[in-house]
Amino acid sequence: MFPFKKDARKTYPRHSYYHLELEKDQFKRQLLEYFNGEKLEAIFELELEKDYLHFEVPFYAEKNPGDRGGSVLVAILSLFYHIDQISIINDKEFFKFIQFFSEQLSMAWNNLQENIALKIQEQIDKKIRFGIKGSIHSKDQELKVISGILAREFDCPLCCFFLVNQRENTISLENANIEIKRTIKYNLNKDTKELSVQSFNTNRNFRIFGRKRVEKLANREKIKIIEEEAKRAGIIEKIPGNYKDSCRDICIEHWLSVVINVGDIKLGLINLFRLKGINDIKGSNRFDYKSPPLSEFEANLLERIQKHIFNILIAQQTIRQRMQEMDDFLHQVMGPLNALIAASSNLADGIVAENEIQGKYRDIFSLARTASNYVSNYRKIFEIESGNVDLEKEEITDLKKYLKDLALVYQPHIQKKYLCIHVTDQTKGNIKIKLDKTLFDLVILNLLDNAVKYSFHAEERIKIGLQARPASPDDRENVLITALENDSEVIITISNWGLEIPNGEKDNIFKREFRGYKARMSIAKGAGIGLYIARDIVQRHGGTTELVPTHHKNNIVFKVTLPKIKEEVK
Amino acid sequence: MSKDLLIIDDEEFYFEPIFERLEHEGLSYEYCLNGSAGLEKLDTANYRLVILDIRVSPGDNLANVTGYESTYGLYILEKIREKQPGLPVICYTIYDKKEIIDKIIKLGGIYMKKGGKMSELIEAIKKSLKR
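These protein sequence lines are chains A and B, in that order. Numbers given in my numbering equal positions in the first sequence, counted from 1, plus 227. Numbers given in my numbering equal positions in the second sequence, counted from 1, plus 1160.
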């Protein structure tokens, strides 16, 4: 029979309660076996009135579906570490129970995947805290059970703290609460996808306090938790520069707390101390403990749980990445769109001089094309990831014209920096390449977007000595697009003078969502997907994309190499 | 030197139509590409109003400021409040999260969403300048 039953009497809005019912004699037998019976026999002289030990496991299910997974997980761990300690883990029914919860965990994970993107994001922002409180309500006649649990706990807790009434030289524990707290911290490394359990089995306290003391401590604990969280958040935030991003792993803390409310556990404790041979309790307020090795069953269970946690963390991380990506994308695309609205508004309101209208239309075209390019990038990302990219190649007969047309998109942008885009064709002419133009447009536009965005303004170039004399509209410095060829390849280079790419970042610039430190400090909007997409599309055309080493750190040159069409064998 | 407006936003090209409109309305302005340049400008010149993007780049001098990922404008707004508590600041942003709007208002900024009619922006600017 499944030992856990949903307690229908409890109808708290956010909790579902389960309670464990164990057959009294079986439980007693197990206790006696475990505790080397004879000594414990003495404290079983009173029979338990009830036939079961009641253990409540509330599930914080409704507030956030993610909590469910956490609660279930914590329930497993909590029960695993408490009920197991009185040897019930070997009970077949208990094993079924663990299986049941494992299934629940899987279901929770499925829920997580399906519909909780936003809520999970909120939780991640708060450094997710999953919590559970289980209670063992005890009547006087159950004291022996409690003392049995305590006895087992005394065999294994890391630290035990007793509050002793020194004045009376007694332990005054009437109306006392017992709190067992465990903290487990999981970290998922964003880059390596490795899961580590940082402080598993640490920070475990077993405390017995008087009620007033408990209240004080509860407040102190709350403050401590808040402080810890603030500190942790602070530490994360204070890590400077590039390191910060790499450290933004998801960190989840499972906070386990089992509060055992007892009316009077004095007798149980005295029995316990007698068992432990502790007669002088004055100096015995601390016991060191070494964690016992895990059994095969425990190890398997733990592995399964950790696997589930890992999957949950991966799902959460993916959701978080997608949301950040969406936010970046929206900011990037809204830039030209808002400018488009403003420029159109100026035209509609008639504030543009007659002789400037033509130029404004060019600006509007440029803005619309830029926004369209950003949207295409975003669509392309999904196509790339779903493996759903079909090339429809056509032969390019006039490469220079093709490149010039694309350069027009960014010409108005770069003119504001007193620069211009200059296209040169150094091929012998009559080159033959096949491109999917819709896709390849993105390659050139993304490379141009970067070149234009991060090019120094003419004034800045003069200031840092890259340019000797003041630029004028008639004497503009160039972003260069050059077409070259060798026997088997066509090479397109796009070069500009602008923000340097530090050596440490050069290997990463084609990675998805990578934005260099200087780039981020210079322009806040950007999705970091342009170069990733450019390289992917070029690869699909059988070519390569690379950042070419140059003599000057501010001279940035990207090279795209494409294979020429092989002559058809007649 | 005194100008009507200081604009702090890192996408100059996308502000071009707004510059044109300001000029048409006879308003003088200066433009800064990042937060630290904006704060420096405020130390050296007088302005009657600041237009500030919330997702602005911090610039090199503020590179060590953390905790404002994607919202460095809020930090800039805090600093402006310290320097010139009475200076009107229009936070011109595409953000519309309540959390961010509340912060802007708490810091005494005027929230305005990007992408609206130009006439509304001009109206808000003129209203702030009259204060």
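For each residue, glycine too, the CB sits at the ideal point set by N, CA and C.
Taking the alpha-carbon positions, what's the Met1278 of chain B to Leu1212 of chain B distance?
As a first step, residue 1278 of chain B must be located in the second sequence, where it is residue number 118. As a first step, residue 1212 of chain B must be located in the second sequence, where it is residue number 52. Each residue's Cα considered, the two are about 16 Å apart.
Select from A:Gly614, A:Ile792, A:Ile658, A:Pro639 the residue whose C-alpha is nearest the C-alpha of Arg596 of chain A.
The residue labelled residue 596 of chain A in the question sits at position 369 within the first sequence. With distances taken between Cα atoms, Arg596 of chain A lies closest to A:Pro639.
At the 8 Å Cβ level, is Ile1168 of chain B part of the contact set with chain A, yes or no?
The residue you call residue 1168 of chain B lines up with position 8 of the second sequence. Chain A contact via Cβ: absent.
What do you get for Ser572 of chain A, buried or exposed, if any count of 16 or more other CB atoms within 10 angstroms of its CB means buried?
Numbered from its first residue, the first sequence carries residue 572 of chain A at position 345. So Ser572 of chain A counts as buried.
Pairwise C-alpha distance: Gln559 of chain A and Tyr1174 of chain B:
Residue 1174 of chain B sits at position 14 when you count from the first residue of the second sequence. Residue 559 of chain A sits at position 332 when you count from the first residue of the first sequence. Taking the straight line joining both Cα atoms gives about 11 Å.
With DSSP as the reference, please indicate the residues paired to Met1272 of chain B in a beta bridge.
For the purposes of this step, residue 1272 of chain B is taken as residue 112 along the second sequence, with counting starting at 1. DSSP lists B:Tyr1252 as partners of Met1272 of chain B.
So for Pro790 of chain A, helix, strand or coil by DSSP?
Locating residue 790 of chain A in the first sequence gives position 563, where the first residue counts as 1. Correct three-state label for Pro790 of chain A: strand.
Please classify Ala802 of chain A: does DSSP put it in a helix, a strand, or coil?
Past the edges of chain A, shown from 228 to 797, lies residue 802 of chain A, and the structure says nothing about it.
Beta-carbon within less than 6 Å of Ser1162 of chain B's beta-carbon, same chain only, minus the 5 sequence neighbours each way: which residues are those?
For the purposes of this step, residue 1162 of chain B is identified with residue 2 of the second sequence, where counting begins at 1. For Ser1162 of chain B, where only same-chain residues beyond five positions count, the Cβ hits under 6 Å are Asn1206.
Classify Lys443 of chain A: buried if its beta carbon has 16 or more other beta carbons within 10 angstroms, exposed otherwise.
Here residue 443 of chain A corresponds to residue number 216 of the first sequence, with the count starting at 1. Unreliable placement is indicated for Lys443 of chain A, whose pLDDT of 45 sits below 50; the coordinate value is still reported in the next sentence. Lys443 of chain A should be labelled exposed.
Check each candidate in A:Arg739, A:Ala746, A:Val765, A:Gln766 and name the one with the smallest Cα separation from Tyr759 of chain A.
For the purposes of this step, residue 759 of chain A is taken as the residue at position 532 of the first sequence. Ranking A:Arg739, A:Ala746, A:Val765, A:Gln766 by Cα distance to Tyr759 of chain A puts A:Arg739 first.
Here's a check: name, in chain order, each residue in its chain whose Cβ is nearer than 6 Å to the Cβ of Leu345 of chain A, leaving out the five neighbours to either side.
Translated into the one-based positions of the first sequence, residue 345 of chain A becomes position 118. Note on Leu345 of chain A: pLDDT 39, under 50, position unreliable in the model; the coordinate value appears next. Here Leu345 of chain A has no same chain residue with a Cβ atom under 6 Å from its own Cβ, once five neighbours each way along the sequence are excluded.
From this set, B:Gly1246, B:Pro1177, B:Tyr1189, B:Leu1166, which residue's C-alpha is nearest Val579 of chain A's C-alpha?
Counting from one through the first sequence, the residue named residue 579 of chain A turns up at place 352. Residue B:Pro1177 is the option with its Cα nearest to Val579 of chain A.
Taking Lys1223 of chain B as the reference, give the member of A:Asn781, A:Arg747, A:Gln548 with the closest Cα.
Position 63 of the second sequence holds residue 1223 of chain B. According to the sequence as given, residue 1223 of chain B is Ala; it is not Lys. When each option's Cα is compared against that of Ala1223 of chain B, the closest is A:Arg747.
Count the other C-beta atoms from every protein chain shown that fall within 10 angstroms of the C-beta of Asp1220 of chain B, then say buried if there are 16 or more, exposed otherwise.
To locate residue 1220 of chain B, count along the second sequence from 1; it is residue 60. The residue is exposed, with fewer than 16 neighbouring Cβ atoms inside 10 Å.
Stretch pair the region 784 to 791 of chain A + the region 1184 to 1198 of chain B: three plus CB contacts closer than 8 Å
The answer is no - the region 1184 to 1198 of chain B does not touch the region 784 to 791 of chain A, with fewer than three Cβ pairs under 8 Å.
For Lys1239 of chain B, which residues from the same chain have a beta carbon less than 7 Å from its beta carbon, with the 5 sequence-adjacent residues on both sides left out?
One-based indexing of the second sequence puts residue 1239 of chain B at position 79. Only Leu1199 meet the Cβ criterion.
For the beta strand (DSSP E) that contains Glu716 of chain A, what are its first and last residues?
Residue mapping note: residue 716 of chain A aligns to position 489 of the first sequence, counting from 1. Counting along the chain, the beta strand (DSSP E) containing Glu716 of chain A begins and ends at 716 to 724.
Proximal residues to Gly1268 of chain B (C-beta, below 7 Å), its chain only, five neighbours per side dropped:
By one-based count along the second sequence, residue 1268 of chain B stands at place 108. Apart from sequence neighbours up to five positions away, the residues of its chain that approach Gly1268 of chain B with a beta-carbon distance below 7 Å are Arg1241, ordered along the chain.
Please report the straight-line C-alpha distance between Gln653 of chain A and Asp663 of chain A, rounded to a whole angstrom.
Translated into positions along the first sequence, residue 653 of chain A becomes position 426. Translated into positions along the first sequence, residue 663 of chain A becomes position 436. Distance from the CA atom of Gln653 of chain A to the CA atom of Asp663 of chain A, rounded to whole angstroms, is 22 Å.
Does chain B have any CB closer than 8 Å to the CB of Asp676 of chain A?
As a position in the first sequence, residue 676 of chain A is number 449, starting the count at 1. Under the 8 Å criterion on CB atoms, Asp676 of chain A is classed as non-interfacial with respect to chain B.
In angstroms with no decimal places, state the Cα-to-Cα distance between Ser1217 of chain B and Asp1169 of chain B.
The residue given as residue 1217 of chain B occupies position 57 in the second sequence. The residue given as residue 1169 of chain B occupies position 9 in the second sequence. Going from the Cα of Ser1217 of chain B to the Cα of Asp1169 of chain B covers about 8 Å.
First and last residue of the uninterrupted alpha helix (DSSP H) at Thr1204 of chain B
What you label residue 1204 of chain B is simply residue 44 of the second sequence in a count that begins at 1. Taken as a continuous stretch (DSSP letters only), the alpha helix (DSSP H) holding Thr1204 of chain B covers 1195 to 1204.
Reducing DSSP to helix, strand and coil, say where Asn1224 of chain B ends up.
As a first step, residue 1224 of chain B is located in the second sequence; it is residue number 64 there, counting from the start. Three-state result, Asn1224 of chain B: coil.
For chain A, is any of its Cβ atoms less than 8 Å away from the one on Tyr1235 of chain B?
Sequence index remark: in the second sequence, residue 1235 of chain B carries index 75 (1-based). No, because no Cβ of chain A sits closer than 8 Å to the Cβ of Tyr1235 of chain B.
Could you list the residues in the region 1164 to 1196 of chain B with a C-beta less than 8 Å from some C-beta on chain A, going in chain order?
Taking 8 Å as the Cβ-Cβ cut-off against chain A, the residues of the region 1164 to 1196 of chain B that qualify are Asp1170, Glu1171, Glu1172, Phe1173, Tyr1174, Phe1175, Glu1176, Pro1177, Ile1178, Glu1180, Arg1181, His1184, Leu1193, Asn1194.
So, helix, strand or coil for Leu1247 of chain B, using DSSP?
Position 87 of the second sequence, counting from 1, holds the residue named residue 1247 of chain B. It is coil, neither helix nor strand.
Asp663 of chain A lies in the alpha helix (DSSP H); which residues open and close that run?
On the first sequence, residue 663 of chain A is found 436 positions in, with the first residue counted as 1. Where Asp663 of chain A is concerned, there is no enclosing alpha helix (DSSP H), given that its DSSP letter is neither H nor E.
From B:Ile1250, B:Lys1290, B:Glu1259, B:Glu1172, pick the residue whose C-alpha is nearest to that of Leu1281 of chain B; which is it?
In the second sequence, counting from the first residue as 1, residue 1281 of chain B sits at position 121. Selected option, being the one with the closest Cα: B:Ile1250.
Going by DSSP in three states, Gln312 of chain A sits in which element: helix, strand or coil?
Counted from its first residue, the first sequence places residue 312 of chain A at position 85. Residue confidence is low: Gln312 of chain A scores 28 on pLDDT, short of 50, so the model does not pin down where it sits. Its coordinate-derived value is still stated next. Reduced to three states, the DSSP call for Gln312 of chain A is helix.
Inspect the beta-carbon positions of Ile792 of chain A and Lys659 of chain A and report whether they are closer than 8 Å.
Taking the first sequence and counting its residues from 1, one reaches residue 792 of chain A at position 565. Taking the first sequence and counting its residues from 1, one reaches residue 659 of chain A at position 432. The answer is yes: Cβ separation under 8 Å.
CB of Lys655 of chain A within 8 Å of CB of Glu712 of chain A, strictly
The residue labelled residue 655 of chain A in the question sits at position 428 within the first sequence. The residue labelled residue 712 of chain A in the question sits at position 485 within the first sequence. Closer than 8 Å, so yes.
Between the region 581 to 599 of chain A and the region 614 to 631 of chain A, do at least 3 Cβ pairs fall closer than 8 Å?
In short, these stretches do not touch, since the Cβ pair count stays below three.
Distance cutoff 8 Å, beta carbons only. Does Asp1220 of chain B sit that close to anything in chain A?
Residue mapping note: residue 1220 of chain B aligns to position 60 of the second sequence, counting from 1. Yes, contact with chain A.
Assuming contact is defined by CB atoms lying nearer than 8 Å, are Lys628 of chain A and Ser682 of chain A in contact in what I supplied?
Stepping through the first sequence from its first residue, residue 628 of chain A is reached at position 401. Stepping through the first sequence from its first residue, residue 682 of chain A is reached at position 455. Not closer than 8 Å, so no.
Members of the region 561 to 573 of chain A near chain B, C-beta cut-off 8 Å:
Met561, Gly562, Pro563, Leu564, Asn565, Ala566, Ile568, Ala569, Ala570, Ser572, Asn573
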